[in-house]
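Note that the protein sequences, when read in sequence, are chains X and H. Each residue of the first sequence is one higher than the one before, starting from 362 at the first, in my numbering. Each residue of the second sequence is one higher than the one before, starting from 132 at the first, in my numbering.
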Amino acid sequence: MMSAVKRTGTTAFLVRRGLAGVVTLLVASVLIFAATEILPGDIASAVLGRNATPEALAEVRAQLGLDASLPSRYLDWLGGFVTGDLGDSAAGLAAGADSAPIWEQISEPIRNTLILAGITIALLVPLSIVLGVLAATRVGRTVDHAVSTLTLVAISLPEFVIGSLLVLVFFVQLDVLPPVALVRPGENPLAQPRELVLPALTLLATSLAWTTRLVRAAMVEALASEHVEQARLNGFSERRVVWRYGLRNALAPTVQVFAQAVQYLVGGVILTEVIFSYNGLGKELVDAVVVRDVRAVQSMAMLIAVAYIVINILADLLVVLLVPRLRTAAS
Amino acid sequence: MRALRFARTPTGAIGLGILALILLVALAGPLFAPHSPTKSIGIPGTGPSADAVLGTDFLGRDVFSRLLWGGRSVLGLAGLATVIAYLAGGIVGLVAGYARNVLDGLLMRFVDVLLAFPPLLVLLVVIAGAGTSLPVLVVSVALVQFPGIARLVRSLTLEASGRGYVEAAVIRGESTAAILRREIIPSIAGPLSADLGLRMTFSILLIAGANFLSLGLQPPAADWALMIAENRDFLELNPWAVAVPAALIAALTIGLSFTGDAIARMLGRSDVKGLR
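Here is the structure:
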């Protein structure tokens with residue numbers, strides 16, 4: 362009986378959040394398409410640039426289907442996206458290729474990005490919990506002040522400043538780590554672990570500061586709860602009170618913190634990849650923006666938006682599963 | 132002077148001090164530049180010398196002079212974007228929070244959709260469509276900032292409009308415009324000021340990020356972020372050309388964050404939750 366109620370609540374939650382996510386993504390697809398195609402000037406002349414002879418323009422326009430109306434181009438693109446066809450890169454076509462599938466161009470970069478983000482998250486979660494709990498159990502003392510000030514400094518720094526400073530120290534001064542992480546096509550970034558150190562450190566510096574502050578705040582609140590006070594009065598050791606009762610109460614906000622951190626990484630990874638010339642999705646996206654390959658930008662932006670929203674829903678689901686009392690509130 | 136109490140906390144004092152210093156360098160710097168920021172004065176990528184105290188950059192221009200010129204752009208562009216975002220977000224938030232009807236729901240759903248995207252992604256998509264130019268950069272940063280501000284202003288307005296003195300003004304029969312201007316805006320200004328420091332930091336991070344990606348300001352402009360980007364490949368020749376602009380951007384954003392943090396603490400609000 363109980364489990365049936367529980368399952369319905371969670372399923373209903375998933376269905377509702379899933380539908381809301383689909384609606385958000387539809388609106389997003391319209392916005393992405395409109396922002397990139399409604400403005401004057403067309404994709405073909407933008408990517409061809411100086412090579413825009415009338416014949417070349419006509420050919421690229423035809424290959425991209427630019428002669429159709431705006432709504433039908435939108436439906437074409439969205440239909441392709443939903444069925445897994447991301448379309449052709451306009452820059453590839455402009456360079457004279459007969460077809461230049463975007464998917465082939467970005468499937469390897471996507472794997473590389475996932476590897477870099479995965480390493481960062483694997484370090485981020487335990488480190489921010491330890492640092493956040495450490496500061497929260499010593500509120501107002503030196504450790505807490507040090508953690509709060511250092512994280513406020515790190516949070517304020519742009520990734521490219523941190524990345525450049527790290528390169529200055531570890532490459533120019535100490536000469537122990539490479540300044541770039543060039544992953545050649547067909548190569549696995551994990552084969553050159555030394556190259557991944559500085560990009561991962563750069564990403565970690567900004568995200569760790571942020572998550573540590575939020576874990577600390579959640580933990581301070583949890584440690585002040587009656588629940589924790591009760592555990593203390595029961596005579597449990599302080600270690601057990603903190604990790605077992607305190608952290609468990611701080612779990613829901615903490616999971617949300619990490620979901621936000623993953624979402625933040627989506628942005629941070631773009632800059633970090635450019636800083637270290639790392640062959641990932643973020644660098645592909647920036648390259649496409651620079652040459653104004655609108656079709657590639659649309660499809661990549663849409664992919665990132667999907668990932669962003671799926672992460673959000675999964676995090677909320679995890680919170681609902683972890684914290685039973687939210688289950689009723691959610692439905 | 133109660134409003135300036137935050138300056139007496141250590142964080143607030145350090146933040147304001149750093150900020151004042153950076154503002155001085157950025158605004159008055161060009162007056163003291165020994166060389167032109169865009170003309171070559173010698174061999175590219177040389178280290179510090181008597182003529183060029185921080186050496187020359189990858190095109191042989193004086194790094195020190197470019198630094199003195201290079202702070203205006205990021206401050207000006209970020210300031211402008213933040214002002215536009217506050218105007219747009221303020222109006223939408225006030226209307227939604229005060230109207231509390233269908234409009235509120237519609238506006239806030241729209242805001243939710245915009246908030247569902249990574250800021251840098253919004254920036255890149257807009258630039259891909261509209262090309263790189265300064266108006267595009269400023270408008271797209273404002274677009275990224277606007278939903279968060281609208282949501283904050285809405286919740287503050289909602290809270291304020293339930294207060295006794297606002298209800299009294301409604302009963303006195305004052306016009307909506309007068310109520311918003313005389314009663315609501317003054318009462319939400321305090322909490323908004325705590326938000327301002329963080330918003331400005333975020334605008335600077337975005338503008339500097341775009342300049343770094345060479346999607347904002349274009350060469351030969353002197354700009355701290357652009358300087359880092361263009362001299363990175365010549366790090367070993369003259370590391371100062373990267374290290375000093377990086378330190379200046381860092382000081383600027385740290386100064387702003389510390390100041391914003393001190394104001395937020397004074398007002399008893401949770402701190403950096405809204406950032407990024």
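Yeah, the Cβ is synthetic: ideal placement off N, Cα and C, and Gly gets one too. Since the structure is predicted, the reported quantities are computational estimates derived from the model, not experimental observations.
A straight line joining the alpha-carbon of X:G445 with that of X:M663 spans about 12 Å. DSSP places X:E548 in no alpha helix (DSSP H); its state is neither H nor E. X:D449 is bridged by DSSP to X:P462. Here the alpha carbon of H:F137 sits roughly 38 Å from the alpha carbon of X:E634. When C-beta distances to chain X are compared with 8 Å, the residues of the stretch 254–271 of chain H below that value are L255, V256, V257, I258, A259, G260, A261 and G262, in chain order.
One finds L513 in chain X with Cβ atoms closer than 7 Å to the Cβ of H:F389, taken in chain order. The alpha-carbon of H:A381 is positioned some 39 Å away from that of X:E465. At least 9 Å separates the CB of X:E645 from every CB of chain H.
Of all residues in the stretch 622–635 of chain X, only Q624, Y625, V627, G628, I631, L632 and V635 place a beta-carbon less than 8 Å from a beta-carbon of chain H. The Cβ atoms of H:F343 and H:A356 sit closer than 9 Å to each other. For H:D193, the pairing in a beta bridge is given by DSSP as H:T187. Note on geometry: alpha-carbon atoms of X:A668 and H:V244 lie some 15 Å from one another. It is roughly 11 Å from the alpha-carbon of X:V589 to the alpha-carbon of X:V581. As the crow flies, the alpha-carbon of X:A657 is around 15 Å from that of X:L409. A direct Cα-Cα distance of roughly 48 Å separates X:A515 from X:S430. Under the three-state reduction of DSSP, H:S264 is assigned to coil, being neither helix nor strand. Segment contact: the stretch 567–579 of chain X against the stretch 490–505 of chain X, three or more CB-CB distances shorter than 8 Å; contact assigned. For the 9 Å CB-CB criterion, H:I302 and H:G221 do not form a contact.
The CB of X:E398 comes closer than 9 Å to the CB of G260 in chain H, given here in chain order. In this structure, the CA atom of H:G160 is about 37 Å from the CA atom of H:F248.
Straight across, the Cα-Cα distance linking X:E599 with X:L380 is about 44 Å. Under the 9 Å criterion on CB atoms, H:T332 is classed as interfacial with respect to chain X. DSSP places X:S390 in the helix class (H, G or I) of the three-state scheme. Here X:P539 has E556 as same chain residues with Cβ atoms under 6 Å from its own Cβ, once five neighbours each way along the sequence are excluded.
Put simply, of X:G426, X:V603, X:V500 and X:L477 the residue whose alpha carbon is nearest the alpha carbon of X:L562 is X:L477. In this structure, the alpha-carbon of H:A261 lies about 17 Å from that of H:L337. A distance below 9 Å separates the beta carbons of X:F597 and X:R605. In the DSSP assignment, H:S171 forms a beta bridge with H:R192. Not one beta carbon of chain X lies nearer than 9 Å to the beta carbon of H:A144. For the stretch 336–347 of chain H, the beta-carbon criterion of a distance under 8 Å to any beta-carbon of chain X is satisfied by L336, A339, G340, F343, L344, S345 and L346. Burial check for H:F163: the Cβ neighbour count within 10 Å stays below 16, so the residue is exposed. Our two residues, X:G382 and H:G386, have alpha carbons roughly 38 Å apart in a direct line.
Neighbourhood of X:A451 in chain H, by CB distance below 9 Å: empty, with the nearest CB roughly 11 Å away.
With fewer than 16 neighbouring CB atoms inside 10 Å of its own CB, X:T414 falls in the exposed class. As the crow flies, the alpha-carbon of H:R139 is around 25 Å from that of H:I335.
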